[in-house]
Structure formats: structure tokens, C-alpha cells
Amino acid sequence: MTERIAGPGGAKSADAWDRSFRLWDSYFAIVCVATLVFVLGTGHPGWRLRLVSAALLVALIPWYVVVGRPVLGGDPPDERRALGYLAGAIVLFLPSGILVGETRLMAFALVPQCFMALRLRWALVAVTVINIVPVVGWALLWWPSGQDVFFNSLFGVVTLVFAVAFGNWTIRIIEQSQERAELIAELDASRHELSRLSSAHGALAERERLSREIHDTLAQGFTSLLMLVQAVEAELDHDIPQARRHLSLMAETARQNLAEARALVAGGAPADLEGASLPDALRRLAARHEATVDVTGPVRALPAGPEVVVLRSCQEALANARKHAGSSSTIAVVLTYAHDSLTLSVQDDGPGFDPAAPAGGYGLTGLRARAAEVGGRARVRSAPGEGTTVTVCLPVLPVPRSDS
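Each number in my numbering corresponds to the 1-based position in the sequence shown with 5 added.
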């Protein structure tokens, strides 16, 4: 039997199955009543034998309701119980079919049940018995004319062939339905697994995003604070004005870190970009690292994505420059607005390094990941003794040309 698929429409599917089975009940009742009408209305044999045949047919009704319907309603039907039910139905049907030829009309209700409840081999045996045995028994009991035997035998063979063809078609439909049910179940399981993996991937992506944000904002700010603390400790004994300037820079850095933390929690734009253009934000950022900023090209408002990537990349590059090149190195930031791109370059004259050498940390990896998220690329050019240049190039919407 076909499986009844559960899911969002599980209850609806069960109702549809119940309604379809009620149609089958109606079909069984119509065939049974029609057969009784034919049996009672025929002129041969006598009325006593016709009443016996009708009584056997009537006995099929409670047998179907009490035993057959629960068996046929199984999903799939229990084959042992189905064999018992159909054996009982055939025992009630065969004597009636042998006594009164018109009883064979009942085969139209019994044959489909064989294919519904049994495997093909057993179903073919049962169908053959239902279609052939009543004709043979009827002919041996009443010895009718040769013409009647011929037509009844022909009717029995035709109904047998039809039953076999119909049964094979029914079983193929059932098998296809089972395959589709299994496929739907697999697809449903795959959908749930995909949903789970998507949720897990989303959580991982969010963790990576937060890691980058924290690394490029709070972690860099705290690193700057530590460096300033060390500078102040070294300056307190001999350069009070410079120490005070660094203390003021520490306070500014702490305020900036607090603003970044609030922006991170609120999910808003970086604090440096609040109410300011990208060049202004880069200038404020560069001032905290004692770097110069040069802006080329026509400055224009851009989507938030590229501007955030440029700002965070600049933060990372400046922090790395001060950390590895030292406080005495010169750092230059160049922001270039082109027709369809935005380029950031951060260059220092520090000791440099070998970019091919294995390196720990998250900075450069996160910088490249940020650029890739908006379709851009990040390059690091450096060599021992030759300083370092970090370049980030991002695609942006081209400037619309005005018609002259």
C-alpha cells in the first residue's frame, strides 16, 4: 500500500486517505447490492438455492466490515491476516458462484482486494480461483448447454485477463507511490539537515564576523592603550608634556573603544563613520597612529559595505605597522576614488617581513576575508628591510555619466 506521508499536511493526508477508503466502501456496497439483485432476479435455479446464494453474499458484508476493512487499511496490510480474510471471502463466494452464475459479478469487488492486500504471486493465485473455479463448478453442477458453457468460460477468461492486467498496473502504481513516498521522506530529511547545516553555518559566519569586528576594533584599541601606557611610563621621568599628550591620546582611544563596543552591540556603523565621510574617518584614525592621509580622485558617498571594509582594513594595517615597524616609522595612508573602484594603500618604512613565511594571528587573514566579502581583494607586499605595503582594492558602482 502507498505510505501516507506525515509532515505539515500530515493530518490532511490522513483525512484524504480516509475519504478515499470511504469511496472504496461505497464501491463494495454497490457491487454487492447489484449482485444480490441479479441473484434474486434470475429464473434459474429455484428460489431456495437463490436464497442460499444470497445469504452467502450477505455474509460477505460483515466479514468485510469486521475483518477485511481493518486489514486493507493497514499500511502496508499484514499479509498473514490478509490471507485469512481473503480465504474466508473466497469460501463464502465460491459456493454462491457455483450455485448461481450471476454471483460472479461479485468478483469485481473481490479481485481488487487481492492486489491491495497480497504479494503479486499470491494475488494471481487468488484471482485465478475467483474467476475460474465458479465457472468450472457451475458447469459440473448444472451441465448447461455447450453454448452457455462457452460463453461463461469466455467471460471467466476475459475477466481473469482483465484482472491480471489491472492488478499488475495497480501494483506498479503502488510501487511508484512507495518510491515517491520514500523520495519525499528523503527530501524532507535532507531539507531538515540542510536547515540544520544552514543554521550552523550562519552561527559560524556570525562568530567569524564578530571575531573580525572585535579584532579590528576592541583588540586593536586595547593594544594601542597598552603601547601608550608603556610610552607614558618611559616618559614620566623626563618628558612630562609628551606623557600628558600620550595620556590624552589614551583617553581618546578609550572613548573610541567604548563607542566601537556600543556600535558592535547595536549592530550599527563603526563609530568613526557616524556622521562623517570616509576620508574624515581615516584622518581621525590615522591621527591616533601618527600617520599621514592622502585622498585622490573625486570623493563621493558610497554604500556602507565598501566604506566599512576600507575603514577596518586601515585599522588593521595601521595597528600592524605600529606593532611591527615601531613608533619611529613613517606611515602613509592613500585613499583613491576611481570610476568603478575604491583603493586603500597603507605603507610603512619599517623592517618588513617575508609574506611567504608562515605567520600566526588573525589580522591578515581577516583583512583578506573582509575584502573578498564585497568582491574585492587585498594584497600585502613586503620584504626584509624594505617596509610593508598593504593594498585593498574594492569594486564600487561607477559614477553615472551626465549627458552634455
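From the three backbone atoms N, C-alpha and C, an ideal C-beta is built for every residue, glycine too.
Each residue's CA atom was taken as its position, placing residue 128 and residue 34 some 22 Å apart.
Taking C-beta atoms under 8 Å as the contact rule, residue 278 and residue 316 qualify, at a distance of about 6 Å.
For residue 394, the enclosing beta strand (DSSP E) stretches over residues 393-400. Residue 313 has its alpha-carbon roughly 9 Å from the corresponding atom of residue 283.
For the beta strand (DSSP E) assignment, the uninterrupted runs of no fewer than 3 residues enclosed by the segment 296-382 are, from N- to C-terminal side, 297-301, 336-342, 346-353.
Its chain contains 326, 353, 354, 355 as the residues whose beta carbon lies nearer than 7 Å to that of residue 334, once the 5 sequence neighbours on both sides are disregarded; these appear in chain order. Per DSSP, the unbroken alpha helix (DSSP H) holding residue 58 starts and ends at 52-68.
In the DSSP assignment, residue 385 is bridged to 395. Nearest C-alpha to residue 81 among 43, 341, 148, 124: 124. The three-state reading of DSSP puts residue 258 in helix, counting H, G and I together. With a minimum length of 4 residues, the unbroken runs of alpha helix (DSSP H) contained wholly in the segment 94-125 fall at 112-122. Excluding its 5 nearest sequence neighbours in each direction, residue 104 has C-beta neighbours in its own chain below 6 Å: 54, 58, listed in chain order.
Cα atoms of residue 236 and residue 290: separation of roughly 19 Å, rounded to the nearest angstrom. DSSP places residue 48 outside both helix and strand once states are collapsed to three, so it counts as coil. With a threshold of 16 other beta carbon atoms within 10 Å, residue 377 falls short and is exposed.
Distance between residue 280 and residue 391, taken at the CA atoms: about 38 Å. Boundaries of the alpha helix (DSSP H) harbouring residue 76: 74-77, taken from the DSSP string. Judged by DSSP in its simplified three-state form, residue 84 adopts helix.
Pairing residue 189 with residue 131 gives a Cβ-Cβ distance that is not under 9 Å.
Taking the CA atoms as reference points, residue 76 sits about 13 Å from residue 92.
Judged by beta-carbon spacing, residue 110 lies within the 9 Å limit of residue 40, meaning their Cβ atoms are closer than that value. For residue 297, the number of other beta carbons within 10 angstroms of its own is below 16, and it is reported as exposed. Take the alpha-carbon of residue 396 and the one of residue 191: they are about 48 Å apart.
Assigned with DSSP and collapsed to three states, residue 139 falls in helix. Of the candidates 115, 168, 51, 144, the residue whose Cα lies closest to the Cα of residue 62 is 115. In the displayed model, residue 29 falls within a helix according to three-state DSSP.
Taking a C-beta distance under 9 Å as the contact criterion, residue 157 and residue 168 do not qualify as a contact pair.
Exclusion of the five residues before and after residue 50 leaves 104, 105, 147 as the residues of its chain whose Cβ lies within less than 8 Å of its Cβ. Counting along the chain, the unbroken alpha helix (DSSP H) around residue 285 starts and ends at 283-293. With a cutoff of 9 Å on beta-carbon distance, residue 319 and residue 351 are scored as near each other. Nearest to residue 341 by C-alpha distance, out of 305, 310, 323, 266, is 305. When DSSP states are grouped into helix, strand and coil, residue 242 belongs to the coil group.
For residue 107, same chain residues with a beta-carbon under 6 Å away, outside a window of 5 residues either side, are 43, 44, 47 in chain order. Counting the other Cβ atoms within 10 Å of the Cβ of residue 338 gives 16 or more, which makes it buried. Listed in chain order, the non-local C-beta contacts of residue 343 below 8 Å within the same chain comprise 302, local neighbours out to five positions each way being set aside. Contact between residue 288 and residue 229 does not hold, since their C-beta atoms are separated by about 17 Å, which reaches or exceeds 8 Å.
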